[in-house]
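Structure first, commentary second.
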Amino acid sequence: MSEPKASEPDNRASRTAGRPPKAAARSVVDEYFDRLLAHDWDGLATTLAPDVVRVGPFGDTYSGRDAYVAFIAGLMPRLPGYSMERGRSIDAGDAVTVELTEVVEVGGAPIRTPEALVFDLDGDGLIARITIYTQHLGQEVPDLAR
4 MSEPKASEPD NRASRTAGRP PKAAARSVVD EYFDRLLAHD WDGLATTLAP DVVRVGPFGD
64 TYSGRDAYVA FIAGLMPRLP GYSMERGRSI DAGDAVTVEL TEVVEVGGAP IRTPEALVFD
124 LDGDGLIARI TIYTQHLGQE VPDLAR
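For the sequence shown, this note's numbering assigns the number 4 to the initial residue and increments by one for each residue that follows.
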């Protein structure tokens with residue numbers, strides 16, 4: 004970023020006001036995954052803004068910390084053979100994208116689902132929105148995509 008000229012206002016502070024520092028952004032997302040995988044639902048809740056919105060891969064939406072934690076606490080323990088392989092994280096300061104692969108057993112066979120989760124953070128450094136994007140492996144590619 005170039006320095007502003009003496010005659011131009013320095014707007015850098017206004018562009019970053021309310022954004023958590025990058026280290027804090029990655030830290031809260033790391034804490035989210037640690038608490039999620041440990042099934043520590045109270046700890047998970049501390050990473051979330053009270054009005055968090057989670058948009059799942061099917062467009063399913065959970066709004067509010069209590070509703071989201073209740074959903075995930077009911078889901079995770081029921082997933083047979085569940086594991087998660089985290090890949091890279093891309094930190095933009097007020098948003099963090101994490102590539103990962105979730106594995107769940109279906110009919111005794113592991114099914115791998117590559118995903119990207121986008122975490123938007125609020126001005127307090129808490130997770131305000133989680134948006135989940137998945138790849139659909141093993142499905143036929145539509146003609147339009149060929």
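Ideal placement from N, C-alpha and C gives every residue a C-beta, glycine not left out.
TODO: Out of E143, D125, E118, state which residue places its alpha-carbon closest to the alpha-carbon of F61.
DONE: E118
TODO: Determine which residues share a DSSP beta bridge with I130 and list them.
DONE: L51, L124
Open item on the list: Contact between the segment 129-143 and the segment 32-52 is defined here as three or more beta-carbon pairs at a separation below 8 Å; is this criterion met?
Closed with: yes
Task: Where the alpha helix (DSSP H) containing D146 begins and where it ends - done: Segment: none, D146 is in no alpha helix (DSSP H) and carries neither H nor E.
Task: Whole-angstrom C-beta distance between L103 and E88, which should lie under 8 Å - done: 6 Å
Task: Contact belief for S92 with V106 at Cβ below 8 Å, rounded distance in angstroms - done: Contact flag wrong, Cβ pair sits at about 19 Å.
TODO: Could you name the residues that DSSP lists as bridge partners for I135?
DONE: L120
Open item on the list: Counting C-beta neighbours from all protein chains within 10 Å, is the total for P7 16 or more, i.e. buried, or is it exposed?
Closed with: For P7, the predicted structure reports a pLDDT of 45, less than 50, and the residue's modelled location is therefore unreliable. A value from the coordinates is still provided. Exposed is the call here.
Open item on the list: Applying the 10 Å Cβ sphere with the 16-neighbour rule, what's the burial state of I133?
Closed with: buried
Task: R68 beta carbon less than 7 Å from that of V55 - done: yes
- [ ] Report the option in W44, S30, D37, S66 whose CA atom is closest to the CA atom of A76.
- [x] W44
TODO: Let me know the secondary structure DSSP gives A41 once reduced to three states.
DONE: coil
- [ ] Let me know the secondary structure DSSP gives L78 once reduced to three states.
- [x] helix
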